[in-house]
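Heads up: the sequence lines are chains E and C, in that order.
Counting from 1, one number per residue, gives the positions in the first sequence under the working numbering.
Counting from 495, one number per residue, gives the positions in the second sequence under the working numbering.
Note that CB positions come from ideal geometry on N, CA and C, so glycine has one too.
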Amino acid sequence: MLSSLPEAIGILLSFEGLLVLVLGTILGITLGAMPGIGSTVAVAIVLPFTLTMSQAPAVLLLLAVYAGSVYGGSIAAILINTPGTPQSAATCLDGYPMAQRGDAGLALGWATVASVVGGLVSAVVLIFAAPQLAAFALQFGPIETFSLILLGMTCIVSVSTGSVINGLTAGMIGIFLSTVGGDPILGEMRFTFDNWQLYAGFNLLAVVIGVFALSEVLMRASAPIRTVSELVKFNGVKLPSLAMWKGRFRNLGKSVLIGNVIGVLPGTGAATAAFISYAEGRRSSPNKENFGKGEPDGIVASEAANNAVTGGALVPTMALGIPGDAITAVMLATLTLHGITPGPKLVEDNPTLIAAIFAGFFIINLLLLPLGMLLSRVAAPILRVREAFMMTAIVILCAVGIYFVRGNPFDLLVLGGAGVVGFILRRQGFPMAPLVIGMVLGPTLELTLRQGLILTDGSFKAFFTGSPIALVLAVTAVIALAFPFLRSLKRKTP
Amino acid sequence: MKRITSERVLVQFGLLIVAAAFFVTTFTQTFTPVDLGQSPMFFPRIILVLWMCLALIGLIQSMRQNTHTTPISSWLRLSVVLIATLLYTNTIASEGFFLPSVLFALVCLPAFGRRNPWLIGIFALAVPGSLVLLFNHMLGMPLPTSGFTYLF
Chain E
1 MLSSLPEAIG ILLSFEGLLV LVLGTILGIT LGAMPGIGST VAVAIVLPFT
51 LTMSQAPAVL LLLAVYAGSV YGGSIAAILI NTPGTPQSAA TCLDGYPMAQ
101 RGDAGLALGW ATVASVVGGL VSAVVLIFAA PQLAAFALQF GPIETFSLIL
151 LGMTCIVSVS TGSVINGLTA GMIGIFLSTV GGDPILGEMR FTFDNWQLYA
201 GFNLLAVVIG VFALSEVLMR ASAPIRTVSE LVKFNGVKLP SLAMWKGRFR
251 NLGKSVLIGN VIGVLPGTGA ATAAFISYAE GRRSSPNKEN FGKGEPDGIV
301 ASEAANNAVT GGALVPTMAL GIPGDAITAV MLATLTLHGI TPGPKLVEDN
351 PTLIAAIFAG FFIINLLLLP LGMLLSRVAA PILRVREAFM MTAIVILCAV
401 GIYFVRGNPF DLLVLGGAGV VGFILRRQGF PMAPLVIGMV LGPTLELTLR
451 QGLILTDGSF KAFFTGSPIA LVLAVTAVIA LAFPFLRSLK RKTP
Chain C
495 MKRITSERVL VQFGLLIVAA AFFVTTFTQT FTPVDLGQSP MFFPRIILVL
545 WMCLALIGLI QSMRQNTHTT PISSWLRLSV VLIATLLYTN TIASEGFFLP
595 SVLFALVCLP AFGRRNPWLI GIFALAVPGS LVLLFNHMLG MPLPTSGFTY
645 LF
C-alpha cells in the first residue's frame with residue numbers, strides 16, 4: 001500500500017480531490033450542526049451525488065461529510081443545547097452551561113481541538129490497523145468468509161439499540177431484500193413476480209435513503225413541531241491556550257483511546273463512546289465536581305471520543321467488509337455501488353484507492369481545525385433554520401439524488417416505499433442499521449455459503465470441523481449472539 | 495384486549511404474515527432441478543424461516559409486555575406529509591421534477607407549521623428552481639421535465 005502512496009497523494013492534490021475534501025468537510029459540519037439531521041442522514045443525502053464521481057473522490061467526499069458532521073454536532077450542542085447528532089449529546093452536558101456563562105467561543109474551542117486530536121489519532125489507527133487485519137483475513141476462503149460475515153452480523157445485531165429481536169428481524173428483512181432478483185450462481189429470477197423492474201433487485205441506494213432520510217421526515221411529521229432555541233452570545237471560536245491544557249492531557253489521551261477501541265467494535269457507535277468517555281472523565285478528572293456545570297474536561301472527553309470513533313469504525317469496514325454501524329454501512333453501500341467489492345481483498349486489490357482514502361481521512365481531520373473555526377460562526381444562524389424548510393428540502397434532495405443515479409422512476413417508488421416501511425418499523429423500535437447491513441452483506445453471505453457447500457460436498461458440519469478459523473469465528477458469533485440474552489437474564493435474576 | 499390490538503402487536507403480526515406469504519411463494523416458483531444446497535430458494539427459505547421465528551417471538555413479546563408506542567402528535571400532519579411524499583415520488587417521472595416539487599413544498603411547509611405565504615412561495619419556487627437550473631441547464635444532467643415545456 002505504501003508504494004501506492006505517491007499516486008494516492010496525486011489524487012488528493014488534484015482539483016477534484018481537494019474540492020471534495022474541502023466541500024465535504026464544509027457540508028458535513030453544516031449538516032451535522034442542524035439538529036436532527038445526524039451523520040447518517042447527512043451521508044445518505046450526499047451519497048447519490050457521488051455516483052458521477054470516480055471511486056476515490058466519491059469515498060473521500062462521504063468520509064469528509066462523516067467526519068465533518070460528527071464535529072458539526074457539537075456546534076448545536078454548545079450553542080442551543082440541542083445535539084446536532086446523537087454522538088454530541090454528551091457535549092451538551094458541559095458545553096451549554098459553559099456557553100451560558102458567556103464562554104461559548106471557548107467551549108467550541110475545546111470541542112474543536114479535542115475533535116481534531118481524536119480524529120487524527122483515529123486516522124493513524126486506521127492506517128496501521130486496517131492493512132494488518134486485512135492481511136490476516138486474506139487467508140480466508142469461502143467457509144471462513146461465511147463465518148466472518150455471520151460474526152459481523154451477529155455482533156451488529158446483538159448490540160442493536162432497543163430490542164435484540166427487533167434488530168435481528170430487521171437484519172433478516174435486509175438479507176431477504178438482497179435475495180430479490182437474479183440468483184448469484186444460477187442466475188434464475190427469485191421473488192420478481194414477473195416484474196422486470198425487479199430483475200436487478202432493489203436499488204440499495206433507494207432503500208438506504210428511504211429508511212434513513214425519508215423515514216426521518218415522517219418521524220418528524222408524527223412528532224410535535226420543534227421550536228427554535230435561543231442562541232447564546234457567540235463571537236467566534238476561541239482556542240484554549242497551552243496553559244489551559246495543563247492537567248487535561250491524560251483525560252484527552254484516555255478519551256481518544258476509548259473512542260478508538262469502541263469504534264473498532266462493530267455496532268457500538270460514537271454516542272456510546274462519548275458517554276462512556278464522559279463517565280470515565282467524570283470518574284477520574286481532578287475537576288470532577290465541576291462536571292455538568294461547564295467543565296472543559298467534559299467537553300474534551302465527549303468530543304475526543306466521538307471523533308476518535310470515526311477512524312476506528314472504518315477499520316473493520318475497510319479491512320473485513322463488515323460495517324460497524326449505520327454510517328459505515330452506508331459507506332460500504334457506496335463502495336458496492338462503485339463496483340468495489342468490500343472485504344479482505346479490498347486493500348490488496350485497490351492499494352491506490354485505500355492509500356488515498358487513508359491519507360485523505362488524515363487530511364480531513366486536519367481540515368476540521370480551520371474549517372471548524374470558520375464555519376462555527378457561519379453555522380450559528382443555520383441553527384435557526386426551521387424544521388419545515390429542512391424537512392421539505394431533504395425530501396426534494398432525496399428524490400433528485402435517487403433519480404440522478406439511474407434515471408429510473410421505479411427507484412423513486414422504492415424510495416417512497418422504503419421511507420414508509422422505515423417509518424412504521426422505526427416507530428416500533430426496529431433499528432434500521434441491521435436492515436441496511438443485511439442488504440449489503442446478504443449477497444456475500446449467500447454466495448460464500450453455497451460455494452462452501454460445493455467445497456464440502458453439501459456438508460454444513462464440515463464448515464466448522466474443517467477450518468479452525470471458521471470454528472473460532474462461529475463460536476465467537478454464538479457468544480456475541482447469546483451475550484445480550486444472558487445479560488438480560490442476569491438483570492432479571494435478583 | 496387493548497394489548498392485543500396495540501400498534502406494536504399489529505406491526506409484528508404484519509411482519510409475520512409477510513414472511514409467511516413469501517415463504518409460501520418459494521414453493522410456487524419453479525427452477526432448474528439441482529441439489530438442495532444449490533437451489534435458488536435454499537438460502538431465502540432459511541432467511542424466511544428465521545424471519546418468521548423472530549417475528550413470532552417479537553409478537554409474543556409485544557403481547558406480553560405493556561410497552562406503548564410514542565403517540566402521533568398530529569395525524570393530520572402525518573397523513574398530509576405521507577400522502578404528499580408518496581404522490582411526489584410517484585409523479586416526478588410523469589409530470590417532471592419542477593412542478594411536483596413546487597406543489598410538494600406548498601403542501602409540506604404549511605403542514606409543518608409555516609404560515610408566511612411569501613416565505614412558502616419563495617422557498618417552493620427557489621429550491622426546485624435552483625436545482626433545475628443547476629442540473630438541467632448548467633451541469634447538463636437533466637432531471638425529468640414536464641409535458642408542457644422542455645425547460646422544466
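Each residue's CA atom was taken as its position, placing G401 of chain E and Y582 of chain C some 14 Å apart.
Looking at the DSSP output, R190 of chain E bridges to E:G181. By the C-beta criterion, the region 586-600 of chain C is judged not to be in contact with the region 204-212 of chain E, since fewer than 3 inter-stretch pairs fall below 8 Å. By the C-beta criterion, the region 378-392 of chain E is judged not to be in contact with the region 168-179 of chain E, since fewer than 3 inter-stretch pairs fall below 8 Å. At a C-beta separation below 9 Å, Y582 of chain C has these neighbours in chain E: V395, I396, A399, L412 and G416. Within the same chain, K238 come within 6 Å of L106 of chain E by CB-CB distance, once the 5 residues on both sides are set aside. By the criterion of at least three beta-carbon pairs nearer than 8 Å, the region 348-365 of chain E is not in contact with the region 558-569 of chain C. For the region 392-464 of chain E, the continuous alpha helix (DSSP H) assignments of 4+ residues that do not extend past its boundaries occur at 409-427 and 433-455, in sequence order. Listed along the chain, the chain E residues whose CB falls inside 7 Å of the CB of R558 of chain C amount to none; the nearest CB is some 12 Å away. In terms of Cβ geometry, G321 of chain E and G292 of chain E do not form a close pair [threshold 8 Å]. At a Cβ-Cβ threshold of 8 Å, V256 of chain E and A319 of chain E do not count as neighbours. Taking all protein chains shown into account, S302 of chain E has 16 or more neighbouring C-beta atoms within 10 Å of its C-beta and is therefore buried. The CB of G590 of chain C never comes closer than 8 Å to any CB in chain E; the least such distance is about 11 Å. Within 9 Å of the CB of W612 of chain C, no CB atom of chain E is found; the nearest one sits about 14 Å away. Distances from the CA of L504 of chain C to each of C:T520, C:G552 and C:A605 were compared; the closest alpha carbon is that of C:G552.
Y644 of chain C sits in coil when the DSSP states are folded into three classes, being neither helix nor strand.
DSSP places M373 of chain E within a helical segment (H, G or I) once states are collapsed to three. Linking G109 of chain E to L252 of chain E through their CA atoms gives a straight-line distance of about 14 Å.
In summary, W545 of chain C is buried, with 16 or more beta-carbon neighbours lying within 10 Å of its beta-carbon over all protein chains present. By the 16-neighbour rule on beta-carbons within 10 angstroms, Q132 of chain E is exposed. DSSP places D529 of chain C in the coil class of the three-state scheme, outside both helix and strand. A residue is called buried when at least 16 other Cβ atoms come within 10 angstroms of its Cβ; P286 of chain E does not meet this threshold and is exposed. DSSP places F598 of chain C inside the alpha helix (DSSP H), whose first and last residues are F592 to A605. For Q132 of chain E, the enclosing alpha helix (DSSP H) starts and ends at A104 to A137.
For A599 of chain C, the nearest beta carbon of chain E is closer than 8 Å to its own beta carbon. Here R377 of chain E is not near G247 of chain E, since their CB atoms are 8 Å or more apart. Chain order gives the chain C residues near T179 of chain E as F537, P538 and I541, where near means a beta carbon separation below 8 Å.
In this structure, the beta-carbon distance from L375 of chain E to T112 of chain E does not fall below 8 Å. Runs of the beta strand (DSSP E) spanning 3 or more residues and lying entirely within the region 304-381 of chain E do not occur at all. In this structure N166 of chain E is buried. Its beta-carbon is surrounded by 16 or more other beta-carbon atoms within 10 angstroms.
Put simply, the region 445-457 of chain E touches the region 129-146 of chain E. At least three CB pairs are less than 8 Å apart. Across the region 565-578 of chain C, CB contacts with chain E closer than 7 Å involve I566, S567, R571, L572, V575 and L576, in sequence order along the chain. Under the three-state reduction of DSSP output, M244 of chain E falls in the helix class.
Minimum Cα-Cα distance from L550 of chain C among the listed residues C:A514, C:F536, C:T519 and C:P538 corresponds to C:A514.
Less than 8 Å separates the beta-carbon of N306 of chain E from that of A270 of chain E. Taking 8 Å as the threshold, the shortest C-beta distance from G419 of chain E to chain C falls below it.
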